[in-house]
Structures are given as C-alpha cells and as structure tokens.
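The next block holds one structure in the form of structure tokens; read it before the comments.
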Ligand SMILES: Nc1ncnc2c1ncn2[C@@H]1O[C@H](COP(=O)(O)OP(=O)(O)O)[C@@H](O)[C@H]1O
Ligand SMILES: [Mg+2]
C-alpha cells in the first residue's frame, strides 16, 4: 500500500518539474541583458555577421515558443542542452558539481541535527535552566548571524589562527582519490583511502558549520517548543504512572511525538541547504553547483541556469518526498 | 473468588495523613490539597467528590508522587501497605507505579500515546515490571519471541477482560482508530495489566457518553469484585459515588469537608456543601423540573476567606465560620468540618 502511494507521489513530480521548466524558461528570458551581447562584450569588437551566427547556433533567432518547445522536448529525453559559455553539455557541468553541493548539504544537515536534537531535548526538559537560557540565546544568534560572516570568522579562528582545519576546497591538493560517486567522504571510504577520508572530512567541517548553524538554531527551537508542549500531555504523565524511567518517558514517549513538527521543519530546511549555499560555497571556494549557477546567471547562460534550477527543484521535491514518508512512520494519523 | 467488600477487619492498604500539596504561584502559595487524611482498606471502593478545582486530581498525583512541577507535597505522609511512599527512592517509586498502584485518567483521548499501537502500550506495562520472565538462552536479552508471544497473550487477555472485542486485531490499532469508550477501556487494560492492588481512577467517565459511563463503572465494579482491587474513584458526580462506593469523601478547596459511609452521606448529609451537591443531583425518583446548582463560584485558592473556605457560598453561615474550623467526628463515626456540629 505504502509502495503504491510512494509511486504515486513520484509520478506527481513529473507535472511539477514541467511547471518548473516553463517558469524558469520565461524568467530567464525576462531578465534584461542578452547572452550574446554579454559574450561579445567580453570578446571585444565583432562583426554583426558573427553575432547572427552565434544567435543561430544557440537557437536564439527562433521565436520564443519554438525555443521553449526545443528545450522541453530535449529535457524530456534527459538532455538539458549546451552551455553558451562553457561549451560543454549542461548535464556534464551539473553532474560534475552536484555531488559537492549535496555533500556539503549533507554535512550541514548532519552537523545541525547532531547539535540541535540534544539541545532541543535538554532545554525542554530543563526548562528555564542555565543550559536552556544559554542554548536559546545561542539559537537566537544562530538565526541572526549571516552565514558568510560566520564562515569568515570560522576560517580566521580555526584555519588561520589555530591551523586545525583547511581554509578552502574539498580535499588537500595532491591526495589521490578514485572518483566513484563524486562524494569524497564516501569515495574515500569505498576505496579504504584513509588519508583522503581524513582530508575530505576536515575540509567539510567549517563549510558545514557555517551553512548548518542557522538550520541547527531553527531546529533546536522548534524541537524545544514541541517538546515543552508534549511533556505537558496526559500520555506523558501516564508513561510515568506506568513506572517508566524518566529517560524513556522523554526519549520514547515525548520525543517520538515532538519529532513530528520537527521533521516538517527539517524538510523545509533541506531545500535551503541545497539551494541557498552559493555564499558559503564562495567563501570556502567549494566547487559546488551554487557558484556555477551564480556565474551562469550573470552571463545569461540560459541552458545552464535552466538545467541547474531543474536539478534544484528535483532534489527539493525528492527531499520532501523522503520527509513525507518519514512523517507517516512518525505520525500514524497521517497516511501519504 | 469474591472479596469481602467493606470489611473493617481487612488490612489498611493506603493511608494519607495530613497530606498537603502546594503550588507556588505569582499570587502566593496555593494549597491544592490541604491537610487531607484518610484510610483505604484492601478491596475498598472509596469515592472522592467535589467540584472541579477542589484538589481531587492533585490528591491522586500526590499518592504516586507525580505532582507536576512546581507543585510539591509540603507536609504529611502517604503510607502504602504501611510503608512511607514519600521517602522512597526514585527506583522504588517506579516499581510501585503501574505494578502496585495504577491510575486511570480523565480524558482517554489525550491519555493514550498517539504514536504507538494500543497493544504495545498495554504490553509496555508488562515489560516495565518484567511480569513475564525472560526465556533462557543468551540471546534472550535482545531477541525473545517466546516472551513476546506470552506477553501478547496476556495483553489480549487484559483487553477482553475490559470488554474490547477481537483483541488480536484491536491490539494492532492506533489510539485514534478507537472510540472514546474503547480508549478508556484500553487505558483500564493498561492499568490492570500488572494486577495492581490499588486503582486510582480520576473521573474515568467524565469525558464519555452516559451509556458508556455506565459500562465503564460496571467494569470497575467487576474488577473490584473479581480481583479485590481497591479503587479510589474521583468524580464530581455524587450519583456515581452513591452507586459505586463504600465510603465517600467530600472535598472543597483542598480540604475534607465530610467523610463517611456512602449511604449515610447521601441519605443524611451533614455538611451544607454536601447538601448543596446533593440538591444539584437530578433525581429519578422524585419528579423535579429544576436542578439547583450550588450557588456562588468555585473558590479562588490563592485568595480564600479565613476559616471555612465554603462560608462565602454557605446558606447557613454564622460568625463562627471565619474562625478555626476543625474536622469533628460524629457519633456514627462520620467526619464533618463545620461549626454547626
Ligand atoms: N499544574 C498546576 N499548576 C498550578 N496549580 C495547579 C496545577 N495543578 C493543579 N493546580 C491547583 O490545584 C487546584 C486543584 O486542582 P485539581 O486537583 O486538578 O482539581 P480537581 O481534580 O478537583 O478538579 C487547582 O485549582 C489549581 O489551583
Ligand atoms: Mg481533576
């Protein structure tokens, strides 16, 4: 039953992706500035003949509806076109960069949950204690601190001053790593390549912390408030009246229910971890999709931007699907 | 086996002595339970009646030491089987909870955990107190299907005891798939799983339809008769007490106003508050088209008058009421806290 429902949800992503494709297509073309003009501006003086030729090459001479049709029919076949500026297929460009972005988002998610879940629980159980006040002040800081600023501070402290962690990149230059999945941590584990593992984890720490801090803060606050609410419920008192140890009262009876609203929030944050990391990628020279897209937007590289946005949308939809499935396991009142 | 219902020779199971439970509030310390003393014998059914806010629930929670923070027992003693409950360690307390003393709460909709199967919630009581011993074998600590099967047989037994049909199927349902009456039955099954000696029932029927109420009371009756479980039934409905309890305590603002055999209290109420409660009981025999609620408002515990807390609402109030009003024993053994006696 569940499998059928999940399949249904996967199929619903098709019209969603179609909608995203159309919207991103028109938005790109609504932005002022012509890709060929920008390209030629960089190249210097060129003849109108050459400009016309480029336009033809990029299909920019065709009417809009034709361009859209071409884009959609190719996209259906899995071909996202050819980058104007990089002269390579968009697919290739994206899949070179996507693992770095996902790895960073994963690192940030891991960091934020490892921090936020214990803090949320402890501050709810020890409400108004010093721990609680301290963590909630920290959470306030976490949400109000811009990630680039935090990133720079972390670099100055842990990389420059203390020298514990690297400043930028994904792995120390010169370490050999056989690429399988493109996730460096995973690849070094697969190849039992310990130096690569240490190096890639070390490189992942600071960007993950900068990116995950605000998520950690949000999750800690949501979890705390739902725990506070749930610890007042009758069924928690019943759990105690049955003779449960307090640890189980909190970790089994209360936490299980408090995770329901928390999972929703985490799901929404996954989108921002994947799509909102341009700044952190820039600060740490992280070779991810974010930086590629920013550059592509400035250069009006329509196919690249379109392709990247569709990939973002797709990962976001999938992340939400995972959250929804998780949700049904946590909350028996909900079926997909 | 049938137990002697109200046998004065039965041993004392529970004894409260001058129990006082307080809540610090912004407007001062509130005494939710104020110097309450009573005894409960093995197999006895005791009713505690009073309007809402009179400290009934806090009394029960105090017995199990589950008074919510920042409330605490500030004075007095709770003795269970002669042992002081208040001085027990956290671990000893956990062994008493659920195994020796179990509790049923007022609102079944909010008392079952929505995230777990009903059968699992009943089984948890068995697991906590290790009612079914572990099988032999070194893996039994983590994987013990024989034990689980034995536990489930007991779960199903408990479910059919409380009148849940097709226990094998209903054990695999979630609380939200149950009706209110079935939820309360499941909660009673949870309470009875370990065959406790004492059942604390906090308004177990208030949230239910009248017909379901009668079924639940009949169920409690059966449990008391067949297992000899002593029951404290908390309610604001004197009619329920009249039908069910051997003895009755009338509480007001955390204090005992009257205590005695249920028949005596109902037929010849001494305290003006008890008389008022009885008057607001709609009677089936005498045809009346009016019910008379006790006049006045439920008292504000942070701002009680001196002397008798009921005096502002009392029709028979005299000057002495604002003085010290001690609990007095009448010739028939009844206790009354009123200057008229
Ligand atoms: N959690 C709490 N915090 C503060 N005061 C409380 C709390 N629970 C109970 N009280 C106080 O104790 C009084 C008695 O409550 P309760 O025992 O629940 O009444 P009853 O069960 O008779 O309706 C309440 O009127 C309130 O003043
Ligand atoms: Mg109550």
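Residue numbers (the numbering used here), protein chains in the order written: chain D, 1464 to 1799; chain U, -2 to 338.
From the three backbone atoms N, C-alpha and C, an ideal C-beta is built for every residue, glycine too.
If residue i and residue j are in contact, beta carbons under 8 Å, what's the gap, nearest whole angstrom?
i: residue 1669 of chain D; j: residue 1622 of chain D; result: 7 Å
i: residue 188 of chain U; j: residue 101 of chain U; result: 5 Å
i: residue 160 of chain U; j: residue 257 of chain U; result: The Cβ separation is near 33 Å, so there is no contact.
i: residue 148 of chain U; j: residue 123 of chain U; result: 5 Å
i: residue 320 of chain U; j: residue 309 of chain U; result: Not really, about 15 Å apart at Cβ, beyond 8 Å.
i: residue 1658 of chain D; j: residue 1638 of chain D; result: 6 Å
i: residue 1553 of chain D; j: residue 1770 of chain D; result: 4 Å
i: residue 253 of chain U; j: residue 51 of chain U; result: 10 Å between Cβ atoms; not a contact.
i: residue 269 of chain U; j: residue 311 of chain U; result: 5 Å
i: residue 181 of chain U; j: residue 227 of chain U; result: Actually they do not touch by this definition, with Cβ atoms about 20 Å apart.
i: residue 38 of chain U; j: residue 7 of chain U; result: 4 Å
i: residue 43 of chain U; j: residue 173 of chain U; result: Rounded, the Cβ-Cβ distance is 33 Å, inconsistent with contact.
i: residue 251 of chain U; j: residue 31 of chain U; result: 4 Å
i: residue 1704 of chain D; j: residue 25 of chain U; result: That belief does not hold up - the Cβ atoms of residue 1704 of chain D and residue 25 of chain U are roughly 29 Å apart, past 8 Å.
i: residue 1518 of chain D; j: residue 1499 of chain D; result: 6 Å
i: residue 1665 of chain D; j: residue 1620 of chain D; result: Wrong, their Cβ atoms sit about 15 Å apart, outside the cutoff.
i: residue 1651 of chain D; j: residue 1660 of chain D; result: 4 Å
i: residue 1662 of chain D; j: residue 1616 of chain D; result: Contact flag wrong, Cβ pair sits at about 23 Å.
Examine chain U for any beta-carbon lying closer than 8 Å to the beta-carbon of residue i, and answer yes or no.
i: residue 1465 of chain D; result: no
i: residue 1550 of chain D; result: no
i: residue 1747 of chain D; result: no
i: residue 1706 of chain D; result: yes
i: residue 1687 of chain D; result: no
i: residue 1720 of chain D; result: yes
i: residue 1793 of chain D; result: yes
i: residue 1700 of chain D; result: yes
i: residue 1665 of chain D; result: no
For residue i, write down the residues that DSSP places opposite it in a beta bridge.
i: residue 1740 of chain D; result: Looking at the DSSP assignment, residue 1740 of chain D forms no beta bridge with any residue, so it has no partner.
i: residue 227 of chain U; result: U:195
i: residue 28 of chain U; result: U:19
i: residue 14 of chain U; result: U:74
i: residue 182 of chain U; result: Note: residue 182 of chain U sits in no beta bridge, so no partner.
i: residue 1756 of chain D; result: Answer by DSSP bridge pairing: none, since residue 1756 of chain D is not bridged.
i: residue 325 of chain U; result: U:333
i: residue 118 of chain U; result: Per DSSP, none; premise fails for residue 118 of chain U.
i: residue 340 of chain U; result: This structure does not reach residue 340 of chain U, given that chain U is present from -2 up to 338, and the question cannot be answered.
i: residue 46 of chain U; result: U:232 and U:247
Cβ of residue i less than 8 Å from any chain D Cβ?
i: residue 116 of chain U; result: no
i: residue 104 of chain U; result: yes
i: residue 91 of chain U; result: yes
i: residue 0 of chain U; result: Per-residue confidence for residue 0 of chain U stands at a pLDDT of 41, beneath the threshold of 50, marking its modelled position as unreliable; the derived number appears in the next sentence. Cβ-Cβ to chain D under 8 Å: no for residue 0 of chain U.
i: residue 183 of chain U; result: no
i: residue 13 of chain U; result: no
i: residue 111 of chain U; result: yes
i: residue 333 of chain U; result: no
i: residue 94 of chain U; result: yes
i: residue 338 of chain U; result: no
i: residue 202 of chain U; result: no
i: residue 121 of chain U; result: yes
i: residue 213 of chain U; result: no
i: residue 179 of chain U; result: no
i: residue 126 of chain U; result: yes
i: residue 107 of chain U; result: yes
i: residue 189 of chain U; result: no
Check your understanding: Which ranges would you report for the alpha helix (DSSP H) in the stretch 68 to 110 of chain U if only whole runs of at least 4 residues count?
Key -> Segments of the alpha helix (DSSP H) lying fully in the stretch 68 to 110 of chain U: 87 to 93 and 105 to 108.
inquiry  = Any residue with its C-beta under 7 Å from a non-hydrogen atom of ligand 2 counts. Can you list them all in chain order?
reply    = In chain order, the hits are U:49, U:53, U:54, U:103, U:199, U:200 and U:231.
Next on the checklist: If we require 4 or more residues per run, which alpha helix (DSSP H) segments fall completely within the stretch 1622 to 1698 of chain D?
Outcome noted: Correct list: 1647 to 1653 and 1657 to 1694.
Next item on the list: Any chance you could list the beta strand (DSSP E) runs of at least 3 consecutive residues sitting entirely within the stretch 1529 to 1572 of chain D, in chain order?
Entry: Scanning the stretch 1529 to 1572 of chain D for uninterrupted beta strand (DSSP E) segments of 3 residues or longer gives nothing; none is fully contained.
> Which full runs of the beta strand (DSSP E) of 3+ residues lie inside the stretch 216 to 261 of chain U, going along the chain?
Replying inline: Listed in chain order, they are 227 to 232, 244 to 249 and 252 to 258.
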